[in-house]
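Chemist:
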Amino acid sequence: VEVRLNRVKEFKRRSEKKLNELTLNLGAPIAKEISEPLRAIIGFSSMILTEQNQMAKNEIIEFVSLIYNAGLKLNKIVLKTLLFYRLESLSLQNGDIKDLHQMLSPNIKLITEEVCNELATAYNRTEDLKLSLEDAVLQIPEQFYRDLLKEMLENSILYSPKNSIIKVVSGIENNKMHISFIDEGIGMSEEQIADIGAYMQFNKDMNQQLGIGLGITIAKRIIKLFDGSFSISSKQGLGTIVKITLNCDI
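For the numbering used here, count along the sequence shown from 1 and bump the result up by 45.
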């Protein structure tokens, strides 16, 4: 075991050097977030390539599993970042936005149930999730609505402990769909709410599961693009309520 740990330390040192080279030209926030999965991929794959003859089969399988999970995490970070920049680009392209505004999403209740249940299952929070939904046809492309839901619910999941309730409630009023995401998590101060922006993470020391801090920012960009509204009410230690409004097709 000691020999194996020493080998791991040596490959970690080597991977740090390669990692620094790969992330040198990236912005500090995103570079910091991708460093962990990159470190795992570089370090463990290098170890397998050079030490495979001295490694037991179960060791190799264990390291391959770690590489795979790191790849999934890195892929998620990249996709989320690309979505953020796509939304930024769309905000400057009036022609594309007009075309997107013509697209509708029917069966919103079914879509919402599907997205929420899939995400709750992925985070092992199915027992915590409570849905109370109405159906509607919304003036937003389905994929953007799905992206919006994922970001909002994932934010509630990441910032609340397991075995605490997360509610997603929707209703229609004045041709608008109102959706609330209610959690019993760590909450935010007024200052933190005001400072919400790209790559901003709150209370990271209290919750090491957090992603790159783009969730709420992506949600706000989507809502703004499709003429909706967004509000947060929160108290530290008591939880957060995020309310969004989207236009229904009349």
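Where is the CB? At the ideal position from N, CA and C, for every residue including glycine.
I need the straight-line Cα distance from Val123 to Val109, nearest angstrom please.
Modeler: The alpha-carbon atoms of Val123 and Val109 are separated by roughly 21 Å.
Chemist: Buried or exposed: Asn70, going by 16 or more other Cβ atoms within 10 Å of its Cβ?
Modeler: For Asn70, the predicted structure reports a pLDDT of 42, less than 50, and the residue's modelled location is therefore unreliable. A value from the coordinates is still provided. Counting Cβ neighbours within 10 Å, Asn70 comes out exposed, since fewer than 16 surround it.
Chemist: For Lys125, does the count of other Cβ atoms within 10 angstroms reach 16, so buried, or fall short, so exposed?
Modeler: Buried is the call here.
Chemist: Looking at the unbroken beta strand (DSSP E) that takes in Asn208, where does it start and where does it end?
Modeler: Unbroken run through Asn208: none, as it is neither H nor E.
Chemist: Alpha carbon to alpha carbon, what distance is there between Ala101 and Ser91?
Modeler: Computed Cα separation, rounded: 16 Å.
Chemist: Beta-carbon within less than 7 Å of Met251's beta-carbon, same chain only, minus the 5 sequence neighbours each way: which residues are those?
Modeler: The predicted model places Met251 with a pLDDT of 36, which falls under 50 and marks its position as unreliable; any figure quoted below should be read in that light. Excluding positions up to five away in sequence, the list reads Ile231.
Chemist: Going by Cα to Cα distance, which pick from Lys221, Glu199, Ile93 is closest to Ile14?
Modeler: Outside the shown range of the chain, which is 46 to 295, sits residue 14, and nothing can be said about it.
Chemist: For Ala264, which residues from the same chain have a beta carbon less than 6 Å from its beta carbon, with the 5 sequence-adjacent residues on both sides left out?
Modeler: Result list for Ala264: Leu193, Glu196, Met197, in chain order.
Chemist: Taking 8 Å as the limit between beta carbons, can you name the residues of its chain near Lys207, skipping five residues before and five after?
Modeler: Contacts found: Asn169, Arg170, Asp173.
Chemist: Label Gln97 either buried or exposed according to how many other C-beta atoms from any shown protein chain fall within 10 Å of its C-beta, with 16 as the threshold for buried.
Modeler: Label assigned to Gln97: exposed.
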